[in-house]
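There are 2 protein chains.
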Amino acid sequence: MLPALAKATAALGPRVAGRVRTMASHQLRVPPPQRLLGPLSVPSRLLLGPGPSNLAPRVLAAGGLQMIGHMHKEMYQIMDEIKQGIQYVFQTRNPLTLAISGHCVLEAALCNLLEPGDSFLVGVNGIWGQRAVEIGERVGAHVHPMVKEPGSHYTLQEVEEGLAKHKPVLLFLTHGESSSGVLQPLDGYGELCHRYRCLLLVDAVASLGGVPIFMDQQGIDVLYSGSQKVLNAPPGTALISFSEEAKKKIYSRKTKPVSFYLDIKWLANFWGCDDQPRMYHHTTPVIGLYALREGLALIAEKGLETSWRQHREAMTHLHERLQGLGLQLFVKDPALRLPTVTTVAVPAGYDWRDIVSYLIDHFNIEVTGGLGPSLGKVLRIGLLGCNATRENVDRVSDALREALQHCPRSKL
Amino acid sequence: MLPALAKATAALGPRVAGRVRTMASHQLRVPPPQRLLGPLSVPSRLLLGPGPSNLAPRVLAAGGLQMIGHMHKEMYQIMDEIKQGIQYVFQTRNPLTLAISGHCVLEAALCNLLEPGDSFLVGVNGIWGQRAVEIGERVGAHVHPMVKEPGSHYTLQEVEEGLAKHKPVLLFLTHGESSSGVLQPLDGYGELCHRYRCLLLVDAVASLGGVPIFMDQQGIDVLYSGSQKVLNAPPGTALISFSEEAKKKIYSRKTKPVSFYLDIKWLANFWGCDDQPRMYHHTTPVIGLYALREGLALIAEKGLETSWRQHREAMTHLHERLQGLGLQLFVKDPALRLPTVTTVAVPAGYDWRDIVSYLIDHFNIEVTGGLGPSLGKVLRIGLLGCNATRENVDRVSDALREALQHCPRSKL
Ligand SMILES: Cc1ncc(COP(=O)(O)O)c(C=O)c1O
Ligand SMILES: Cc1ncc(COP(=O)(O)O)c(C=O)c1O
């Protein structure tokens, strides 16, 4: 018997000893891993990909705070502050507004809004629409993808054709299509959907805080975003809000959502969005919520308009610098370019992987390649939240110039 | 038009200006919330409930580190270290071992292992079994609950009767039933299940690291646990591992799991558990994974046996102190008492809420009431990881003595 167990056993009397002895018939066969015994080491890096971005100092400080209980009244206060912060950045007065732990927020939206057999219309002009299709199918909806090239967007007319043809209960659009760098216009889409008795679901993960969006005024029924982009908080939490109509659809479902974890009725209760006393559902990511609160506090302090302006100015400067290097922007129409994530056509003769590696290896700067349908076509440069500065634009542009000089180039 | 937008617009030429002007026809109607503008304040608290527990100093430090990309090679190294750490604390050599973001780990297990129509046998002797029933039903399985009083456990004979009768593909048992304080024995259960061609799924959220468990030697097919108990890391991540047989069941499914977010094939790929290059699935909670790594590193450094002994010693001391106060332990059989979470019968004449409030208000110490079927019956005292010390036992016992003197007591 292992000495530790023998000692513990001796103190416990015959009945218990018998049971502990049974356990001691097992042995520790998997030793503690050597690599885990060394210290945690994290390189210092400027994250100028499409997110996650660097943490703001105030967010970093929150990450180092001690735990409190997830059901303590101080935690409920923090949650209430987060709710108000989300209402501010979303520009909504929806009571059903909360944060979700984990990056399942699209899945949370779909599995609560859709019932098996529901018609679901999806704008697929990049990877996020593909995801919505995949999840919609798993949930058992009738999914109608409107497939377009990466780099394109949806006009009101295209959407209206889809609505008329498929009579969907829900339309999915991506506001900031971060895989292609497209900014989807949103004015008029909510109104149009409502004329067809369809709800409008918008993914603003990559755009929120960097580009104007007005949930209530634009008639968006469900809006979600993430923590790790413009809010400069760590990944692990996500923001979501539901209009009265969306709430009605959820609360009058005939079937339970297949996910208990993502069941909005439970989450709404825990976030104090109904009149019932809060009931334990799952242990929320307390420290992640501290950090999210601070990310929201930063943008509340600065003001949305200042934040939008800073992103637009940084983008304008970046575009100038990139064009100065002879690079081509992937999105042709300036009005459709996403300020937070810029896509650059991979320059002829280069392998995008070489450029990405060169920047990490020589400058500790992250930019990334494409994703999903834009893979191999673009480089993506993110200027998110506190990273959206003139200085960072100059750093990444100078680094890119050097990469273009040193990376191998095939003859054309 | 808002001045910030007007300025941004002016720089952009006519086409863009037109579009921006459209957006400026909306106004900021929801102001920044006042309460969010103040600093984040977090009270200092000793968490002696059933979890989350306090963060260890090393874990706290990890929470204050800066981001790196979720797909950087340094992050993959940290993930590999986490995998090895899980293999150590689980005592398994399963390659399909990984961490999940969010507290959906039970749901992840069930939605991957069960297909609609599968027979699923569940030990329901507390809230966690109730949850397994609820989720199993949503997933479309035929669920067979074996309901017993909170405080009880399952004998090999009882399990065998259930297996013979219902021919399940999966049995769910809770190792550390934290709502009732019961430690479910596990020796022989895996073998028994396998004789009936059933997989064994064990919830070790509240017990892992505090009580011996040997995944491989005990024939456990799926084992999961959480970050916020004995590992002293923040809530938001969870550990899970699958035996070869469990993996086979998952990889030979006829239907896709309804959740894309929790699809183990995708997660296995991202965690390097298959031979394919890692593909983006979702943005993992990078900082949460730093913290999880440190929680695992601490227990690897200390050694499982030392950790088990410390929990048993702290428990023994707690039981002595509680009995010295005239309190009754809820679980009668000493062999079935969970070292990490002790349940005390609510003393006659008291309202458990008064005692819990007294400890928070006068000592900043958290203990909790019951949960689910044990609500109103017990007080729960957790001694988890670095909180499992003699000193903490004395603090909470002294505080309890004072609470018993000062809380109102009805005449009996
Ligand atoms: C045995 C057991 N299982 C599952 C859970 C659920 O963990 P979470 O609240 O993190 O989802 C807990 C939490 O207390 C637990 O004690
Ligand atoms: C527009 C958009 N939607 C959704 C996501 C998914 O976020 P996550 O990776 O956190 O799940 C991203 C991440 O880059 C995104 O840019």
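For the protein sequence lines, the chains are P and H, in the order given. Here the UniProt record's numbering is used: the first residue of the first sequence is 1, the next is one more, and so on. Here the UniProt record's numbering is used: the first residue of the second sequence is 1, the next is one more, and so on. No residue lacks a Cβ here, since even glycine has one placed at the ideal position from N, Cα and C. Keep in mind it's a predicted model, so treat the numbers as computed, not measured.
(message) Out of H:L47, H:S41, H:G370, which one is the CA nearest neighbour of residue 439 of chain H?
(response) Residue coverage of chain H in this structure runs from 1 to 412, which leaves residue 439 of chain H outside it and unanswerable.
(message) For a cutoff of 7 angstroms on Cβ pairs, would you count G370 of chain H as touching chain P?
(response) Not one beta carbon of chain P lies nearer than 7 angstroms to the beta carbon of G370 of chain H.
(message) Can you tell me where the beta strand (DSSP E) holding A164 of chain H begins and where it ends?
(response) DSSP places A164 of chain H outside any beta strand (DSSP E); the residue lies instead in the alpha helix (DSSP H), whose first and last residues are 156-166.
(message) At the 7 angstroms Cβ level, is P33 of chain P part of the contact set with chain H, yes or no?
(response) So, interface residue.
(message) I want to check one thing, is the minimum distance from the CB of S180 of chain P to the heavy atoms of ligand 2 below 6 angstroms?
(response) False, no ligand heavy atom lies under 6 angstroms from that Cβ.
(request) Mark V147 of chain H as exposed unless 16 or more other C-beta atoms lie within 10 angstroms of its C-beta, in which case mark it buried. (result) The residue in question, V147 of chain H, is exposed, as its Cβ has fewer than 16 Cβ neighbours within 10 Å.
(request) Give the DSSP-derived three-state secondary structure of V139 of chain P in the structure shown. (result) Three-state DSSP puts V139 of chain P in a helix.
(request) Note down, in chain order, every chain H residue with its Cβ under 8 angstroms from the Cβ of Q91 of chain P. (result) Residues of chain H passing the Cβ test: H26, L28, R29, V30.
(message) In the DSSP assignment, the beta strand (DSSP E) including D203 of chain H goes from what residue to what residue?
(response) Per DSSP, D203 of chain H is one residue of the beta strand (DSSP E) stretching across 199-203.
(request) Measure the Cβ-Cβ separation of G64 of chain H and Q228 of chain H and say whether it is below 7 angstroms. (result) Cβ atoms of G64 of chain H and Q228 of chain H: not closer than 7 angstroms.
(message) Please report the straight-line C-alpha distance between Y261 of chain H and G102 of chain P, rounded to a whole angstrom.
(response) Answer to the nearest angstrom: the Cα atoms are 9 angstroms apart.
(message) Measuring only from the beta carbon, is A164 of chain H closer than 6 angstroms to any heavy atom that is part of ligand 2?
(response) A164 of chain H: no, Cβ never under 6 angstroms from ligand 2.
(request) Note down, in chain order, every chain H residue with its Cβ under 9 angstroms from the Cβ of residue 443 of chain P. (result) Absent from the model: residue 443 of chain P. The displayed extent of chain P is 1 to 412, so no value can be given.
(message) Is it buried or exposed, H406 of chain P, if we count other Cβ atoms within 10 angstroms and call 16 or more buried?
(response) It counts as exposed.
(request) Let me have the residue list for ligand 2: C-beta closer than 6 angstroms to any non-hydrogen atom, ordered along the chain. (result) Selection output, chain order preserved: P:P50, P:G51, P:H103, P:W128, P:T174, P:G176, P:S178, P:D203, P:V205, P:A206, P:G226, P:P235, H:H282, H:T283.
(message) Is the separation between the beta-carbon of V286 of chain H and that of L322 of chain H shorter than 7 angstroms?
(response) Between V286 of chain H and L322 of chain H, the CB-CB gap reaches or exceeds 7 angstroms.
(request) Could you give the DSSP three-state label for P57 of chain H: helix, strand or coil? (result) In this structure, P57 of chain H counts as helix in the three-state DSSP scheme.
(message) According to DSSP, simplified to helix, strand and coil, what is residue 440 of chain P?
(response) Nothing in the structure corresponds to residue 440 of chain P, since chain P is present only between 1 and 412.
(message) Using DSSP's beta-bridge definition, name the partner residues of F237 of chain H.
(response) For clarity, residue 237 of chain H is Thr in the given sequence; the question names Phe instead. In the DSSP assignment, the residues bridged to T237 of chain H are H:S101.
(message) To be precise: take each residue of the stretch 226-248 of chain H, compare its Cβ to all Cβ atoms of chain P, and keep it if any distance is under 7 angstroms. Which residues remain?
(response) For the stretch 226-248 of chain H, which is checked against every Cβ of chain P, the residues closer than 7 angstroms are Q228, P234, P235, G236.
(request) Following the continuous alpha helix (DSSP H) through F270 of chain H, name the residue where it begins and the one where it ends. (result) Here the alpha helix (DSSP H) through F270 of chain H covers 264-270.
(request) Can you check DSSP and say which residues form a bridge with F172 of chain H? (result) Assignment of beta-bridge partners to F172 of chain H by DSSP yields H:V122, H:L201.
(message) For G85 of chain P, report the span of its beta strand (DSSP E) as first-last.
(response) Boundaries for G85 of chain P: no beta strand (DSSP E) harbours it, while the alpha helix (DSSP H) harbouring it runs 73-90, taken from the DSSP string.
(message) H319 of chain H and A388 of chain H - do their beta-carbons sit closer together than 7 angstroms?
(response) No; because the gap between Cβ atoms is not below 7 angstroms, this pair is not in contact.
(message) For a test of the three-state rule: what should DSSP assign to A403 of chain P, helix, strand or coil?
(response) In the three-state reduction of the DSSP assignment, A403 of chain P falls in the helix class.
(request) Mind listing the chain H neighbours of A62 of chain P? Cutoff is C-beta to C-beta under 7 angstroms, in chain order. (result) Those within 7 angstroms of A62 of chain P in chain H are L40.
(message) Quick check: the Cα distance between R380 of chain H and T342 of chain H, rounded to an integer number of angstroms?
(response) A straight line joining the alpha-carbon of R380 of chain H with that of T342 of chain H spans about 6 angstroms.
(request) Let me know the secondary structure DSSP gives E149 of chain P once reduced to three states. (result) Three-state DSSP puts E149 of chain P in coil, outside helix and strand.
(request) Please name the residues in the stretch 41-57 of chain H whose beta-carbon is closer than 8 angstroms to at least one beta-carbon of chain P, in chain order. (result) For the stretch 41-57 of chain H, which is checked against every Cβ of chain P, the residues closer than 8 angstroms are S41, V42, P43, S44, R45, L47, G49, G51, P52, S53, N54, L55.
(request) Within its chain, find whatever has a CB closer than 8 angstroms to the CB of A62 of chain P; leave out the 5 residues flanking it on each side and keep chain order. (result) Within the same chain, Cβ atoms closer than 8 angstroms to the Cβ of A62 of chain P are found at I287, Y290, A291, R293, E294, the five residues on either side in sequence being excluded.
(message) Assuming G190 of chain H is part of the alpha helix (DSSP H), what are its boundary residues?
(response) G190 of chain H -> alpha helix (DSSP H) spans 189-195.
(request) Evaluate the contact criterion for the stretch 226-245 of chain P versus the stretch 269-284 of chain H: three or more CB pairs, one atom per stretch, below 8 angstroms. (result) The stretch 226-245 of chain P is in contact with the stretch 269-284 of chain H.
(message) Is there a C-beta anywhere in chain P that falls below 7 angstroms from the one on G288 of chain H?
(response) Yes, G288 of chain H lies at the interface with chain P (some Cβ there is under 7 angstroms from its Cβ).
(message) Please list, in chain order, the chain H residues whose beta carbon lies closer than 8 angstroms to that of Y88 of chain P.
(response) Within chain H, the residues near Y88 of chain P are V30, P31, P32, P33, L36.
(message) What does DSSP give as the partner residue(s) for G226 of chain H in the beta ladder?
(response) As computed with DSSP, G226 of chain H is found in a beta bridge with H:A238.
(message) Taking a contact to mean a Cβ-Cβ separation below 7 angstroms, would you say V378 of chain H touches G370 of chain H in this structure?
(response) Cβ distance < 7 angstroms, so V378 of chain H and G370 of chain H count as in contact.
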